[in-house]
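Here is the structure we will look at.
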Amino acid sequence: MKLLSRRSAPLVALALLALAFLALVSLSTIALRGARVDLTEQGLYTLSDGTVRILENIQDPVTLKLYYSEHATADLQQFRSYATRVRELLEEIAARSDGKVVLEVIDPEPFSEAEDQAAAYGLRAIPLGSTGDNLYFGLVASNSTDGESLMPFIQPDKEAFLEYDVAKLVSSLGSANRPVVALVSGLPMGPRMDPSGRSEPGWVIDRQLRELFELRRLQGMPSDIADDVDLLLLVHPKDVPEHTLVAIDQFVLRGGRLLVFLDPDAEADQSGVNPLDPLSVAVPQASHLGPLFQAWGIQFDPTRVVLDERHALQVQPDPNGPPVRHMAVLGLGPEALNQDDVVSAELKNLHFSTVGALGLARESSLEMEPLAQSSRRAAMADVVAVREAVADPDSLRDGFKPGAEPLVLAARFTGELKTAFPDRAGEDGHLAASTGPVNLIVVADTDVLTDRLWVQVNDFLGEAVYNAFANNGDFVFNAVDNLVGNADLIAVRTRAPSARPFTRVERIRRGAEERYRDTEQRLQQQIDELEQQLGALQQPGAEGQAQAISPAQQAQILRFQEERLRMRKELREVQHRLNADIDALGDRLKLVNILGMPALVVLVALLVAWRRWSRRRAAES
Numbered sequence: 001m002k003l004l005s006r007r008s009a010p011l012v013a014l015a016l017l018a019l020a021f022l023a024l025v026s027l028s029t030i031a032l033r034g035a036r037v038d039l040t041e042q043g044l045y046t047l048s049d050g051t052v053r054i055l056e057n058i059q060d061p062v063t064l065k066l067y068y069s070e071h072a073t074a075d076l077q078q079f080r081s082y083a084t085r086v087r088e089l090l091e092e093i094a095a096r097s098d099g100k101v102v103l104e105v106i107d108p109e110p111f112s113e114a115e116d117q118a119a120a121y122g123l124r125a126i127p128l129g130s131t132g133d134n135l136y137f138g139l140v141a142s143n144s145t146d147g148e149s150l151m152p153f154i155q156p157d158k159e160a161f162l163e164y165d166v167a168k169l170v171s172s173l174g175s176a177n178r179p180v181v182a183l184v185s186g187l188p189m190g191p192r193m194d195p196s197g198r199s200e201p202g203w204v205i206d207r208q209l210r211e212l213f214e215l216r217r218l219q220g221m222p223s224d225i226a227d228d229v230d231l232l233l234l235v236h237p238k239d240v241p242e243h244t245l246v247a248i249d250q251f252v253l254r255g256g257r258l259l260v261f262l263d264p265d266a267e268a269d270q271s272g273v274n275p276l277d278p279l280s281v282a283v284p285q286a287s288h289l290g291p292l293f294q295a296w297g298i299q300f301d302p303t304r305v306v307l308d309e310r311h312a313l314q315v316q317p318d319p320n321g322p323p324v325r326h327m328a329v330l331g332l333g334p335e336a337l338n339q340d341d342v343v344s345a346e347l348k349n350l351h352f353s354t355v356g357a358l359g360l361a362r363e364s365s366l367e368m369e370p371l372a373q374s375s376r377r378a379a380m381a382d383v384v385a386v387r388e389a390v391a392d393p394d395s396l397r398d399g400f401k402p403g404a405e406p407l408v409l410a411a412r413f414t415g416e417l418k419t420a421f422p423d424r425a426g427e428d429g430h431l432a433a434s435t436g437p438v439n440l441i442v443v444a445d446t447d448v449l450t451d452r453l454w455v456q457v458n459d460f461l462g463e464a465v466y467n468a469f470a471n472n473g474d475f476v477f478n479a480v481d482n483l484v485g486n487a488d489l490i491a492v493r494t495r496a497p498s499a500r501p502f503t504r505v506e507r508i509r510r511g512a513e514e515r516y517r518d519t520e521q522r523l524q525q526q527i528d529e530l531e532q533q534l535g536a537l538q539q540p541g542a543e544g545q546a547q548a549i550s551p552a553q554q555a556q557i558l559r560f561q562e563e564r565l566r567m568r569k570e571l572r573e574v575q576h577r578l579n580a581d582i583d584a585l586g587d588r589l590k591l592v593n594i595l596g597m598p599a600l601v602v603l604v605a606l607l608v609a610w611r612r613w614s615r616r617r618a619a620e621s
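Going by the working numbering, the sequence shown opens with residue 1, and the numbers climb by one from there.
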């Protein structure tokens with residue numbers, strides 16, 4: 001009996017342990033229901049504060065219907081992973097809403113009633129190859145008062161905007177009307193016909209503004225801004241007549257919000273190009289609001305461009321040549337963006353091209369809050385000189401002398417204002433001063449809006465998808481949202497992106513360029529001089545006949561050729577050293593990955609074995 005007990009004891013203990021484990025799992029499931037820990041560096045699975053506030057302020061319950069053709073994506077594993085990410089986000093939103101948001105996931109199988117519902121809502125059906133299946137992946141939001149909003153197709157390449165898009169969908173149900181944004185643009189931002197007769201959808205920023213707001217395009221130069229306009233958006237205003245300046249002045253004074261994009265050289269402005277001459281080149285096209293800014297105390301010189309050695313981006317002016325740093329094409333990081341303003345907070349990079357500088361006159365009644373600034377290694381240059389350096393950006397370094405203070409590229413201006421046209425004070429309805437503090441944002445660049453500086457547009461199953469490599473779109477939408485008064489959505493969109501740049505590699509590259517640039521330029525200049533001397537010695541004589549070369553000249557030519565070979569070898573070594581530090585960093589990372597982890601495992605195993613051996617010896621003794 002005792003023998004039987006000894007044999008069964010381990011089995012009984014194992015059974016008790018299994019029961020205890022099941023009880024613990026059941027208890028934790030009940031006690032920790034809904035609890036989760038997000039260990040990702042950017043908090044990718046944690047709702048932002050803006051989304052939480054929107055959920056808290058829901059007055060009318062919202063139903064979210066996710067139509068997802070799961071059966072049609074059996075062979076699209078990457079898409080299925082994204083669909084899981086979307087579903088998890090919606091489940092988290094529903095869980096955090098205290099019952100105010102209800103989620104329904106529906107699979108619209110072919111020829112089913114669910115498929116008819118999806119089509120009736122206006123969701124897009126994407127045909128999948130030769131199978132004949134349609135892929136639905138859209139979201140419909142509705143409330144109890146027949147309000148309805150939808151996302152026709154949830155684009156995989158817009159994951160960075162996913163939480164914002166859903167929050168916008170939920171938030172829009174609480175308002176009967178979308179904010180009105182009136183646009184006066186001197187650039188071709190919207191839909192248009194190209195010279196071949198094909199329709200162009202317009203810039204990505206314009207497309208997304210149309211989705212989020214009621215975008216009202218004002219034709220020509222208006223003489224009045226309607227009272228129902230929430231925001232006046234001016235892009236590249238050129239040759240603005242006085243009646244339009246008066247309308248802008250009065251709109252701002254009566255409390256209207258203003259967002260302005262000016263530029264000393266708008267590269268997207270092709271109005272100066274002769275369409276009948278394919279070789280014609282556009283001249284610098286500047287924009288400004290001179291009379292208004294002068295009266296308001298806002299300083300902007302439309303003839304000067306900011307050069308920044310620290311934030312210069314690489315460009316490739318020659319398709320067959322190496323990339324070079326262009327001091328007029330800037331990429332600003334978080335250190336150059338105001339992290340205390342909701343418009344620029346938490347943005348990672350912002351790209352400008354031929355941007356101007358803003359300032360504030362001492363006698364101005366406004367206060368200026370910079371949103372984006374250059375580094376201290378910056379200076380102003382003439383816009384014509386910058387245009388002439390397109391083929392050779394390195395020429396901008398000639399005579400470059402950085403100032404002591406950063407230059408303001410974009411800023412918010414707030415405070416009380418007086419009219420810029422006091423002589424019209426006797427006219428009916430003309431305000432002499434603002435009815436309260438004004439709020440306007442000025443950006444000294446229009447190229448920041450163009451697709452080429454921040455986004456790639458690709459085709460996915462017949463739909464346009466956006467792959468953003470900079471935060472220009474975030475910056476613009478933040479500014480618009482903030483000025484129309486929707487601050488909660490700002491907090492949703494300004495979350496850190498999941499992409500992590502190689503900042504250390506970038507620092508190493510910049511440092512190497514600074515160390516070796518002078519040597520490289522000196523060697524290249526010497527090689528050019530030697531080749532000119534060789535060319536002079538080897539020139540043909542009169543009437544194209546070969547010129548007799550003396551032994552001394554032959555020896556000199558040979559010496560020049562040897563010197564040229566030596567300098568070219570030295571130049572290659574200098575160019576090789578530019579990437580030596582980066583290569584060394586890569587070698588160290590490879591060494592750590594290949595040998596470091598196995599060595600750590602072996603070390604831990606040896607340590608455990610040594611401790612066991614020590615305990616065994618201690619027990620034996």
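All C-beta atoms in this analysis are idealised placements derived from N, C-alpha and C, irrespective of residue type, glycine included. Computed from a predicted structure; not experimentally measured.
Item	Value
Residue 259 by DSSP, collapsed to three states: which one?	strand
Check whether the Cβ atoms of residue 213 and residue 156 sit closer than 8 Å, and answer yes or no.	no
Let me know if residue 251 comes out buried or exposed under the rule of 16 or more other beta-carbons within 10 Å of its beta-carbon.	buried
Alpha carbon to alpha carbon, what distance is there between residue 134 and residue 125?	5 Å
Using only the alpha-carbon positions, how far apart do residue 616 and residue 608 sit?	12 Å
Does residue 22 pass the burial test, meaning 16 or more other C-beta atoms within 10 Å, or should it be called exposed?	exposed
Please report how far the alpha carbon of residue 148 lies from the alpha carbon of residue 18, in whole angstroms.	51 Å
Restricting to Cα atoms, I'd like to know which of 295, 303, 584 and 333 is closest to residue 312.	333
Given a cut-off of 8 Å, decide if residue 181 and residue 209 are closer than it, judged by their beta-carbon atoms.	yes
Looking at C-alpha atoms only, which residue of 53, 266 and 566 is the closest neighbour of residue 354?	266
In terms of residue numbering, what span does the alpha helix (DSSP H) encompassing residue 389 cover?	Per DSSP, residue 389 belongs to no alpha helix (DSSP H) and is neither H nor E.
Helix, strand or coil for residue 71, going by three-state DSSP, please let me know.	helix
How would you call residue 224, buried or exposed, if buried means at least 16 neighbouring beta carbons within 10 angstroms?	exposed
Beta-carbon within less than 8 Å of residue 351's beta-carbon, same chain only, minus the 5 sequence neighbours each way: which residues are those?	313, 329, 330, 331, 332, 448, 453, 454, 470 and 472
Determine, using beta carbons only, whether residue 383 and residue 264 come nearer to each other than 8 Å.	yes
Please classify residue 153: does DSSP put it in a helix, a strand, or coil?	coil
When you compare only the Cα positions, how much space is there between residue 385 and residue 103?	59 Å
On the three-state DSSP scale, how would you describe residue 238?	coil
Return the CA-CA distance between residue 204 and residue 83, expressed in angstroms with no decimal places.	24 Å
So the candidates are 368, 377, 109 and 398; which of them puts its Cα closest to the Cα of residue 338?	368
In this structure, what does DSSP give as the bridge partners for residue 63?	102 and 142
When we look at the beta-carbon of residue 573 and count the other beta-carbons within 10 Å, is it buried (16 or more) or exposed?	exposed
Comparing alpha-carbon positions, which option in 257, 261, 153 and 229 lies nearest residue 185?	261
If you measure between the beta carbons of residue 409 and residue 444, is that distance less than 8 Å?	yes
Check for me: the alpha helix (DSSP H) holding residue 208 runs from which residue to which?	204-212
Can you tell me the Cα-Cα spacing of residue 401 and residue 253, whole angstroms?	40 Å
Going by the CB atoms, is the gap between residue 105 and residue 259 shorter than 8 Å?	no
Taking residue 341 as the reference, which of 200, 416, 371 and 364 has the closest Cα?	371
Measuring CA to CA, which of 397, 121, 161 and 170 is closest to residue 474?	161
What's the C-alpha gap between residue 389 and residue 127?	48 Å
Under 7 Å Cβ to Cβ from residue 542, same chain only, skipping five residues before and after it: list those, please.	Below a pLDDT of 50, predicted positions are generally treated as unreliable, and residue 542, at 46, falls in that range; no measurement from the model is reported.
State the beta-bridge partners of residue 148 as determined by DSSP.	142
Between 433, 404 and 227, which has its C-alpha nearest residue 415's C-alpha?	433
Could you give the residue range of the alpha helix (DSSP H) that holds residue 93?	77-95
First and last residue of the alpha helix (DSSP H) that includes residue 473?	472-483
Which whole-angstrom value describes the C-beta separation of residue 90 and residue 55, a residue pair presumed to lie in contact below a C-beta threshold of 8 Å?	Not really, about 12 Å apart at Cβ, beyond 8 Å.
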